[in-house]
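J.: Handing you a structure now.
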Amino acid sequence: DQRPAARTGDYFDLGPGDRALVCLNCDFIGGKMMLVRGLERAMHLTIVEPHADPFAEAPAGAEFDFAAFVPLQLRAVLAAGRAEQLNNMRAILVGGAGVEPSLLTEIQQLTVPVYLTYGMTETASHVALRRLNGPEASLHYRGLPGLHLGQDERGCLTVRGDVTDDQLIVTNDRIRLIDKHTFDWLGRVDFTINSGGVKVQAEKVELVLDVALAELGQARRAFVAGRPDERLGEAVTAYVEGAPLAAADEQNLLALLAERLDKYEVPKAVLYVPTFRSTASGKLDRAATVGGAGGQK
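Add 1454 to the 1-based position in the sequence shown for the numbering used here, that's all there is to it.
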């Protein structure tokens, strides 16, 4: 079905001869959709092996109009000093994972329009975009033309349109619906922690945790999940990659979190995991990481 690709092509005015860098793993949907978009629009495709810095795999001096990256790749490209090559492009998509605050700050220095994508397996491609930089930067996702957005009784996003064959698709993503085209993404309903009867959204806590770690000079991967607790049912727990922080640093971290979060959102414990587990597509595997974390504090 080429309709999702056509919708993206229309949105970004992509056409014959436009140059696209395909640097996502084509075994997975993000890479496959880049191929379909390129073929549907008769674009010139440069296909490289998935790599932290895709430009290192591309022909020297190659210029592109369009590309899609995962956040890890975009961070590596910027760290390699390739902002000028990015700024020569017409648009960049970022998907596959959330954008950390430190990366968002770097993106906001770019002049090329950068969009965070929202999509799901059922629709193959993304169904909404959020502009991350420039005068049109937004905190909200905007649905692509021709899609009808709504909510179910859980507050989760529903989508209907030609890309769903006019079937109602119900997601597990909690949103705040602003109008029929625009929404805020709050987090996965399966990442909601029920702690003492209070619902805590893991992703909200993670944003604050990322910033606090960076401020302490300890920028590293971290996430938040519920841990079984006799009294609370689930205790909000921070999982941090790498060696344990010094006791004083951990106390400072928890103090920063207590200043910036509601009391129910503050992690009850910090657990350290030498290396986070990943899925086959390179995404963080929360369940496997939690399962293998043990109790190292």
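Heads up, the beta-carbon is just placed ideally off N, CA and C, and yes, glycines get one too. Keep in mind that this is a model prediction, so the values were computed, not measured.
Relative to the C-alpha of Ala1697, which residue among Gly1604, Ala1673, Val1654 is closest?
T.: By 1-based counting over the sequence shown, the position of residue 1697 is 243. If you compare the alpha carbons of Gly1604, Ala1673, Val1654 with that of Ala1697, the shortest gap goes to Ala1673.
J.: Along the alpha helix (DSSP H) that carries Arg1675, what are the first and last residues, could you check?
T.: Position 221 of the sequence shown, counted from the first residue, corresponds to residue 1675. From DSSP, Arg1675 is part of no alpha helix (DSSP H); its letter is neither H nor E.
J.: For Val1531, which of Arg1544, Gly1552, Asp1519, Glu1511 has the nearest alpha-carbon?
T.: In the sequence shown, counting from the first residue as 1, residue 1531 sits at position 77. Looking at the Cα atoms, Glu1511 is the closest of the given residues.
J.: What's the gap between the Cα of Asn1587 and the Cα of Trp1639?
T.: Within the sequence shown, the letter at position 133 stands for residue 1587. Within the sequence shown, the letter at position 185 stands for residue 1639. The straight-line gap from Cα to Cα measures roughly 18 Å.
J.: Could you spell out the range, first to last residue, of the alpha helix (DSSP H) harbouring Val1690?
T.: For this step, residue 1690 is matched to residue 236 along the sequence shown. Per DSSP, Val1690 belongs to no alpha helix (DSSP H); it is in the beta strand (DSSP E), 1687-1695.
J.: Is Lys1653 helix, strand or coil when you go by DSSP?
T.: Locating residue 1653 in the sequence shown gives position 199, where the first residue counts as 1. Strand at Lys1653.
J.: So what's Ala1459 in DSSP terms, helix, strand or just coil?
T.: In the sequence shown, residue 1459 corresponds to position 5, counting from 1. Ala1459 falls in the helix class under three-state DSSP.
J.: For Glu1695 and Val1727, which I take to be in contact (beta-carbon distance under 8 Å), what is that distance rounded to the nearest angstrom?
T.: On the sequence shown, position 241 is the one that residue 1695 refers to. On the sequence shown, position 273 is the one that residue 1727 refers to. About 6 Å separates the two Cβ atoms, so the contact holds.
J.: Distance cutoff 7 Å, beta carbons only. Does Asp1507 sit that close to anything in chain C?
T.: This model lacks chain C altogether, as it is built from one protein chain only.
J.: Give the C-beta separation of Gly1680 and Ile1647 to the nearest angstrom, bearing in mind that I take them to be a contact with Cβ-Cβ under 8 Å.
T.: Walking along the sequence shown from the start, residue 1680 turns up at place 226. Walking along the sequence shown from the start, residue 1647 turns up at place 193. Yes, Gly1680 and Ile1647 are in contact; Cβ-Cβ is about 4 Å, under 8 Å.
J.: Taking Val1581 as part of the beta strand (DSSP E), name the residues at either end of that continuous run.
T.: Taking the first residue of the sequence shown as 1, we reach residue 1581 at position 127. Val1581 -> beta strand (DSSP E) spans 1580-1585.
J.: Measure the alpha-carbon distance for Arg1495 versus Tyr1572 and round it to whole angstroms.
T.: Position 41 of the sequence shown, counted from the start, is the residue given in the question as residue 1495. Position 118 of the sequence shown, counted from the start, is the residue given in the question as residue 1572. About 22 Å.
J.: Per DSSP, what kind of secondary structure is Pro1589 in: helix, strand or coil?
T.: Start at 1 with the first residue of the sequence shown, and residue 1589 comes out as number 135. Pro1589: coil per DSSP, three-state reduction.
J.: Grouping DSSP H, G and I as helix and E and B as strand, with all else coil, what is Phe1730?
T.: Position 276 of the sequence shown holds residue 1730. Three-state result, Phe1730: coil.
J.: Could you give the residue range of the beta strand (DSSP E) that holds Val1624?
T.: Against the sequence shown, residue 1624 aligns to sequence position 170. Run containing Val1624: 1623-1633, per the beta strand (DSSP E) assignment.
J.: Pick helix, strand or coil for Arg1536, following the three-state DSSP scheme.
T.: Within the sequence shown, residue 1536 is the residue found at index 82, counting from 1. Note: Arg1536 maps to coil in three-state DSSP.
J.: What are the start and end residues of the alpha helix (DSSP H) that includes Asp1703?
T.: On the sequence shown, residue 1703 is found 249 positions in, with the first residue counted as 1. Following the DSSP letters along the chain, one finds Asp1703 inside the alpha helix (DSSP H) bounded by residues 1701-1714.
J.: Using the three-state DSSP reduction, which class does Asp1756 fall into: helix, strand or coil?
T.: The question about residue 1756 has no answer here: the residues shown for the chain are numbered 1455 through 1751.
J.: Measure the C-alpha to C-alpha separation of Thr1565 and Ser1649 and round it to an integer number of angstroms.
T.: Looking up residue 1565 in the sequence shown gives position 111. Looking up residue 1649 in the sequence shown gives position 195. Spanning the two alpha carbons is a distance of roughly 43 Å.
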